[in-house]
Amino acid sequence: MNNATTREIVEKYGFHFTKSLGQNFLVDQNIVHAIVQGAEIGKEDHVVEIGPGVGTLTRELIRTAGKVTAIELDAKLIPILQEELKEADNFELIHADATKVDFEALAAGENIKLVANLPYYVTTPIITRILNDKVGFQSLTIMIQKEVAERINAVPGTKDYGALSLLVQYYCDTKIVRHVPPECFIPRPKVDSTVIRLTRLAKPRAEVADEELFFRIIRQVFNMRRKTLANNLKALGYSREYVEEVLRRAGLDEKVRGETLSVERFAQLANTIKEMGK
Ligand code: SAM
């Protein structure tokens, strides 16, 4: 494979960036290496890359992994990637919208590692889908807007802590790999970025009898985060007496705010409600 830089490829094909597809391509090789290292890729791995652009990160993944599958939505990038990566025999390119791809079918029973420098508008939908659909993956190493990474990685009781933190931390361990400033891309984005790795836990962090109820309570708590937990439970339709009994059995103070509860505490709360009957 050749070693052409991002700028050289962009110039060679006269590529025009599409802002609506979040096209900011990496130009800093140090960041490319940091992503591959942070994702802990080895020859035994099947890596699925979402949004390869002109293949800057893809090229390094092809060198390091056993097999690479890339999913790119922009039709203009397909012939460029095919030409630039034609020598790779462990590479497959899929022209599709990653928000609609059936990752389960794509993994075909293998435990894949996902790597992506995602356009910001698809970040949350893709993470949510991959986690909720229970796609078999070992880790998800993604470059995302710094603020979103901080929300994912947040601890209870902080301003960044929310439904997204809980969704991700229920299924995964989270680790910030590194922060990436705008000058590492062309064109430069307006925001700072962060590479974060989500490593799937062998089983969810807490035992939850009714996941639908667990996430319904979490959504309610963070939609109205300044309310006490008791008031949020009442807003879900439970009576005052019922809520008092739930809190007593779960060992929670009547004044507690839901935003201070860990994954385990939310699980305990949802399990208590389930036990008492809805
Ligand atoms: N990975 C490249 C890099 O690091 O230089 C490009 C990253 S750029 C931020 C995001 C890429 O995702 C673009 O190539 C864009 O066309 C592609 N993309 C945007 N939306 C997508 C979607 N829904 N499905 C697949 N690819 C998408």
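The sequence shown begins at -18 in the working numbering and counts up one residue at a time. C-beta: ideal position from N, C-alpha, C; glycine also.
- A Cβ-Cβ distance of about 13 angstroms is found for the pair L74 and R40, leaving them out of contact under the 8 angstroms criterion.
- Nearest C-alpha to A56 among H76, K48 and L38: H76.
- Here I16 really is in contact with T122; their C-beta atoms are around 6 angstroms apart, less than 8 angstroms.
- Going by DSSP, Q119 is part of the beta strand (DSSP E) stretching over F118 to Q126.
- Contact annotation: E21 and G47 have beta-carbon atoms that are not nearer than 8 angstroms.
- DSSP lists S120 and D154 as the beta-bridge partner residues of T180.
- Contact between V161 and T175 holds: their C-beta atoms lie close to 7 angstroms from each other, under 8 angstroms.
- Inter-residue distance for L95 and R229 is about 42 angstroms (C-alpha atoms, whole angstroms).
- For A86, the shortest separation between its Cβ and any heavy atom of the ligand SAM does not lie below 7 angstroms.
- Contact holds between the region -14 to 3 and the region 161 to 172, because three or more Cβ pairs, one in each stretch, are under 8 angstroms apart.
- Per DSSP, the unbroken alpha helix (DSSP H) holding N213 starts and ends at L210 to A216.
- In terms of side-chain proximity, the C-beta atom of P168 is found no nearer than 7 angstroms to any non-hydrogen atom of the ligand SAM.
- Secondary structure in the region 52 to 92: the beta strand (DSSP E) runs of 3 residues or longer, each lying completely within the stretch, are 72 to 76 in chain order.
- For a cut-off of 8 angstroms, the C-beta gap from F203 to E240 is around 7 angstroms, short enough to register as a contact.
- Rounded to whole angstroms, the separation of the alpha carbons of K236 and T104 is 35 angstroms.
- Spatial neighbours of I61 in its own chain (CB-CB distance under 8 angstroms, excluding positions within 5 residues in sequence) are listed in chain order as I(-10), Y(-6), F(-4), V35 and G36.
- Distances from the CB of L62 to the heavy atoms of the ligand SAM are all 7 angstroms or more.
- Apart from the 5 residues on each side of it in sequence, I111 sits with its Cβ closer than 8 angstroms to the Cβ of F84, L95, F118 and L121 in its chain, given in chain order.
- In the DSSP assignment, V103 falls within the alpha helix (DSSP H) that extends over Y101 to N113.
- The DSSP-derived three-state label of V(-9) is helix.
- Nearest neighbour of V189 by Cα position, chosen from E225, R178 and R246, turns out to be R246.
- Look at A130 here: in three-state DSSP terms it is helix.
- Check the Cα spacing between G23 and each of Q63, V49 and G3: the tightest is with V49.
- Not one heavy atom of the ligand SAM sits closer than 7 angstroms to the Cβ of N11.
- For I22, no alpha helix (DSSP H) encloses it, and the DSSP letter there is neither H nor E.
- In the three-state scheme derived from DSSP, where H, G and I count as helix and E and B as strand, R159 is classed as strand.
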